[in-house]
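Student:
Numbering (the UniProt record's numbering), first residue to last: 1 to 673.
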């Protein structure tokens, strides 16, 4: 039976409930990001896009994302925990993550990234190749652990029993894994996350912290363990493995029963698996599940040319604390289009691949623990969601050249790529169901490597495989992706060869100085031989460098010519469209003229019908009058009254002149009728 899909929204296998859509009011939008105070978004509120231009619709369209996070409430409750509880969380490895300051969501950037996600290979598609967030990105940006036991186990059709026993709460339905967020929040002392009128942000946070502190057990024991399980359920179900809706998933409860082993699980790897699974949903889904700030900071580091993030707090760890979101006042759809256009035109050399060279890992012990899992193809686990991390597609993050590899594809039309098991609403032991993938995790996957001397072959294969699919903006060229990649690879080879030439020239100059300082070349023949070899090597390197420069110039010329041809083809495609539009406009004008004439004719016809009705009415009146005259004559003849007496009678009753006038009028009207 299909269910909520790995702890995302829904009530499990029960009856579907109709979703109520909250309409955004005019003028409603995100609050401005102050330079000195991070914005805090209460858990109940949705992140709405900022107000844009008058000619653009406000708010996300059907295919645009809405995001929800309960960061402010989680931080307030964390500050209200007793010292011994915070020490326990620190020992579990959640300390660096819980001390992160809130990062306002960049909805436009997340929307643009989601539209570039390829669910077949679990990677983003850009003109310069695949890009994938890795486990190293997760551990450095969030501080969560990516080593240890996989986050899996047994899933149940209903979590009512463990929820009542471990949390003292009830789930939403008979077959559900969701608890009400308000009930879970109230059990931790925060009855409402909404600010009162006139209440400042700092006062609101302080009030929530005081309420949480008053509700927490101050000494160790069963009550303190229950408080900690409730808080961990909120953190895991709302932040790390967040759902699209308001309820909180409690699938983690079996792993929280033994609090001493909670820190042994790779929660960071589960975060990445959950995020991959959320990105692979249909574009019609308007929510984003998971910890999406990871995507924001990942994009800020890899694609600095976008200018979406503002760097701050140099040297802070985890790395998420080094960035602000750069707020944009334009409409959401326009922001997404501009981001796609910028991504389509970023020079290949501006993409940052090796980000963490020079980082001080001594201040990040969580990085050293996760290093054995870096740079490897590996299966990621999050309960019943199992997805692959294809690190072989992004070996450039390891400082290597990208070789041509087999691009993952969907083997069957109905099959989810990578064997991602979702929505099995029955008691299932995943340690048995996905034993092969669990063994892969325990072996730490497979190390990736590359012996390629350049990225040129990869760019050609990538362009053949995806073509214009890698372009999402208004440009959409379609034929120059491979040329740009080959040109970028040639430039890299030229730079590398230039460094070799410079090194050989330096060695040759030193050798010549050594030979010149000797009394005679015959006394040291080895030096003269070395000088000759260096000179020959330098000459060969310079010849190769000259050839590369010629090839670079040819590629630039070809790229410019191809770009011009693409522009001309686009214009030619638009010309028939313009002619068609003109023809449609002419036909529309002709149709409007005909409609006007038809309207005039209908008006005239109505007038003629009205005249006809009047004539028919007069005819009926004349017929009645004639019938009355005929009846009066027949009555006179039957009564035997003489004609004179009848005339006298008519004259005396109604007047002879009047009768004659009426008779004359009747005779005049009869021919007309």
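Note that CB positions come from ideal geometry on N, CA and C, so glycine has one too. Keep in mind that this is a model prediction, so the values were computed, not measured.
Taking 9 Å as the cut-off, decide whether the C-beta atoms of residue 458 and residue 404 are in contact.
Tutor: The count along the chain shown starts at 1 and reaches residue 458 at position 458. The count along the chain shown starts at 1 and reaches residue 404 at position 404. Cβ distance < 9 Å, so residue 458 and residue 404 count as in contact.
Student: Looking only at its chain, what residues have a beta carbon closer than 6 Å to the beta carbon of residue 221, apart from the 5 residues adjacent to it on each side?
Tutor: Here residue 221 is taken as the residue at index 221 of the chain shown, counted from 1. For residue 221, where only same-chain residues beyond five positions count, there are no Cβ hits under 6 Å.
Student: Assuming residue 325 and residue 543 are in contact, meaning their beta carbons sit under 8 Å apart, how far apart are those beta carbons, in whole angstroms?
Tutor: Here residue 325 refers to the residue found at position 325 of the chain shown. Here residue 543 refers to the residue found at position 543 of the chain shown. Not a contact, Cβ separation roughly 51 Å.
Student: Closer than 8 Å is the cut-off here; do at least three beta carbon pairs connect the stretch 352–360 with the stretch 236–252?
Tutor: Not touching, per the Cβ criterion.
Student: Measuring straight from C-alpha to C-alpha, what distance separates residue 240 and residue 271?
Tutor: Against the chain shown, residue 240 aligns to sequence position 240. Against the chain shown, residue 271 aligns to sequence position 271. Going by the C-alpha atoms only, they are around 6 Å apart.
Student: Between the alpha carbons of residue 507 and residue 396, how many angstroms are there, rounded?
Tutor: For the purposes of this step, residue 507 is taken as residue 507 along the chain shown, with counting starting at 1. For the purposes of this step, residue 396 is taken as residue 396 along the chain shown, with counting starting at 1. Going from the Cα of residue 507 to the Cα of residue 396 covers about 31 Å.
Student: Helix, strand or coil for residue 94? Go by DSSP, reduced to three states.
Tutor: Taking the chain shown and counting its residues from 1, one reaches residue 94 at position 94. Looking at residue 94 - three-state DSSP - the assignment turns out to be coil, as it is neither helix nor strand.
Student: Can you give me the start and stop residues for the beta strand (DSSP E) that residue 379 sits inside?
Tutor: Here residue 379 refers to the residue found at position 379 when the chain shown is read from its first residue. Start and end: 376–382.
Student: Could you have a look at residue 124 and say whether DSSP puts it in helix, strand or coil?
Tutor: Against the chain shown, residue 124 aligns to sequence position 124. Here residue 124 sits in strand by DSSP.
Student: Can you list, in chain order, the residues of its chain with a C-beta nearer than 8 Å to that of residue 662? Leave out the 5 residues immediately preceding and following it.
Tutor: Here residue 662 refers to the residue found at position 662 of the chain shown. If we look at residue 662 and ignore the five residues flanking it on each side, it has no Cβ neighbours.
Student: Under the rule that 16 or more other beta-carbon atoms within 10 Å means buried, what is residue 269, buried or exposed?
Tutor: If you number the chain shown from 1, residue 269 lands on position 269. With 16 or more Cβ atoms within 10 Å of its Cβ, residue 269 is classed as buried.
Student: What is the DSSP secondary structure of residue 118, reduced to helix, strand or coil?
Tutor: The residue you call residue 118 lines up with position 118 of the chain shown. Note: residue 118 maps to strand in three-state DSSP.
Student: In whole angstroms, what is the alpha-carbon distance linking residue 89 and residue 218?
Tutor: Locating residue 89 in the chain shown gives position 89, counting from the first residue. Locating residue 218 in the chain shown gives position 218, counting from the first residue. Going from the Cα of residue 89 to the Cα of residue 218 covers about 15 Å.
Student: Use the C-beta contact count for residue 347: other C-beta atoms within 10 angstroms, 16 or more gives buried, fewer gives exposed.
Tutor: Position 347 of the chain shown holds residue 347. Exposed, because fewer than 16 other Cβ atoms sit within 10 Å of the Cβ of residue 347.
Student: Determine the contact status of residue 444 and residue 378, defining contact as a CB-CB distance below 9 Å.
Tutor: On the chain shown, residue 444 is found 444 positions in, with the first residue counted as 1. On the chain shown, residue 378 is found 378 positions in, with the first residue counted as 1. Cβ atoms of residue 444 and residue 378: closer than 9 Å.
Student: Touch check for the stretch 162–179 and the stretch 115–128: three-plus C-beta pairs under 8 Å?
Tutor: As far as the Cβ criterion goes, the stretch 162–179 does not touch the stretch 115–128, which means the pair count is below three.
Student: Can you look up residue 61 in the DSSP assignment and give me helix, strand or coil?
Tutor: As a first step, residue 61 is located in the chain shown; it is residue number 61 there, counting from the start. Low local confidence applies: a pLDDT of 46 at residue 61 is under 50, so the model's placement there is unreliable, and no value is given.
Student: Taking 8 Å as the cut-off, is the beta-carbon of residue 273 closer than that to any non-hydrogen atom of the ligand COA?
Tutor: Absence of the ligand COA from the depicted structure is noted, as is the absence of any ligand whatsoever, leaving it without description.
Student: Between the beta-carbon of residue 289 and the beta-carbon of residue 381, is there less than 9 Å?
Tutor: Along the chain shown, read from residue 1 onward, the residue named residue 289 stands at position 289. Along the chain shown, read from residue 1 onward, the residue named residue 381 stands at position 381. Contact flag unset, no.
Student: Which residues mark the beginning and the end of the beta strand (DSSP E) in which residue 310 is found?
Tutor: Counting from 1 along the chain shown, the entry for residue 310 is found at position 310. 309–311 is the span of the beta strand (DSSP E), which, as asked, contains residue 310.
Student: What are the boundary residues of the beta strand (DSSP E) that includes residue 131?
Tutor: Here residue 131 is taken as the residue at index 131 of the chain shown, counted from 1. Per DSSP, residue 131 belongs to the beta strand (DSSP E) from 129–131.
Student: Terminal residues of the continuous alpha helix (DSSP H) containing residue 276?
Tutor: As a working mapping, residue 276 is identified with position 276 in the chain shown. Residues 267–279.
Student: Assess contact between the stretch 364–371 and the stretch 130–141, defined as three or more Cβ pairs (one per stretch) separated by less than 8 Å. Is contact present?
Tutor: Contact holds: three or more Cβ-Cβ distances are below 8 Å.
Student: Thinking just about the alpha-carbon of each residue, which of 96, 621, 76, 111 is nearest to the one in residue 338?
Tutor: For this step, residue 338 is matched to residue 338 along the chain shown. Minimum Cα distance to residue 338 is reached at 111.
Student: Select from 108, 252, 185, 386 the residue whose C-alpha is nearest the C-alpha of residue 331.
Tutor: Numbered from its first residue, the chain shown carries residue 331 at position 331. With distances taken between Cα atoms, residue 331 lies closest to 108.
Student: Strictly by DSSP, which residues pair up with residue 325?
Tutor: The residue labelled residue 325 in the question sits at position 325 within the chain shown. Its beta-bridge partners are 309.
Student: Does DSSP put residue 249 in a helix, a strand or coil?
Tutor: Counting from one through the chain shown, the residue named residue 249 turns up at place 249. Three-state result, residue 249: strand.
Student: Does the distance from the C-beta atom of residue 501 to that of residue 468 stay below 9 Å?
Tutor: For the purposes of this step, residue 501 is identified with residue 501 of the chain shown, where counting begins at 1. For the purposes of this step, residue 468 is identified with residue 468 of the chain shown, where counting begins at 1. It is not a contact, given that the beta carbons lie outside the stated cut-off.
Student: Determine the extent of the alpha helix (DSSP H) in which residue 293 is found, giving its start and end residues.
Tutor: Taking the first residue of the chain shown as position 1, residue 293 is located at position 293. Its alpha helix (DSSP H) spans residues 293–302.
Student: What would DSSP say about residue 387, mapped onto helix, strand or coil?
Tutor: By one-based count along the chain shown, residue 387 stands at place 387. Here residue 387 sits in strand by DSSP.
Student: Do residue 237 and residue 80 have their beta-carbon atoms positioned less than 9 Å apart in this structure?
Tutor: Residue mapping note: residue 80 aligns to position 80 of the chain shown, counting from 1. Residue mapping note: residue 237 aligns to position 237 of the chain shown, counting from 1. No, the Cβ-Cβ distance between residue 80 and residue 237 is not below 9 Å.
Student: So residue 351 is in the alpha helix (DSSP H); what residue range does that whole segment cover?
Tutor: Indexing the chain shown from 1 puts residue 351 at position 351. Per DSSP, residue 351 belongs to no alpha helix (DSSP H) and is neither H nor E.
Student: Alpha carbon to alpha carbon, how far is residue 145 from residue 275? Give it in angstroms, no decimals.
Tutor: The residue given as residue 275 occupies position 275 in the chain shown. The residue given as residue 145 occupies position 145 in the chain shown. Computed Cα separation, rounded: 16 Å.
Student: How far does the alpha helix (DSSP H) with residue 185 in it reach, from first residue to last?
Tutor: Taking the first residue of the chain shown as position 1, residue 185 is located at position 185. Run containing residue 185: 181–187, per the alpha helix (DSSP H) assignment.
Student: Applying the 10 Å Cβ sphere with the 16-neighbour rule, what's the burial state of residue 681?
Tutor: Summary: the structure shown does not reach residue 681, with the chain confined to residues 1 through 673, and so no result is reported for it.
Student: Pick out whichever of 173, 147, 262 has its Cα sitting closest to the Cα of residue 157.
Tutor: Position 157 of the chain shown, counted from the first residue, corresponds to residue 157. With distances taken between Cα atoms, residue 157 lies closest to 173.
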